[in-house]
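If you count the sequence shown from 1, you need to add 3 to reach my numbering.
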Amino acid sequence: MQESISNFSEKISVFLDKNHDIAFLIFIGVFVFLLIGNILNWKWTYEPKSWVGYHWLELLGPTSYRFWHAVSLVLIIIILAVIYFTTY
């Protein structure tokens, strides 16, 4: 089982290494999905994963923290889209 999983992940890695344009589209799609989850208040999409995140959540409050998390996701999506459209 472990061998088949590592074999599958290696195939994906080789495929994405050969097809950078598809990798960019996958990353953009993942960040768009996270942004939609943030907008729809899916807690797992914006829940902090470190002490720094919990510090910012405590400092800003949940609503403001979600807003700034969404802003950062939008910036990441824009940067990836600009790189994608200027490169490919």
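By construction, the Cβ of each residue, glycine as well, lies at the ideal position given by its N, Cα and C atoms.
When DSSP states are grouped into helix, strand and coil, residue 91 belongs to the coil group. If you compare the alpha carbons of 7, 43, 79 and 70 with that of residue 32, the shortest gap goes to 79. Per DSSP, the unbroken alpha helix (DSSP H) holding residue 10 starts and ends at 5-21. Take the alpha-carbon of residue 41 and the one of residue 47: they are about 9 Å apart.
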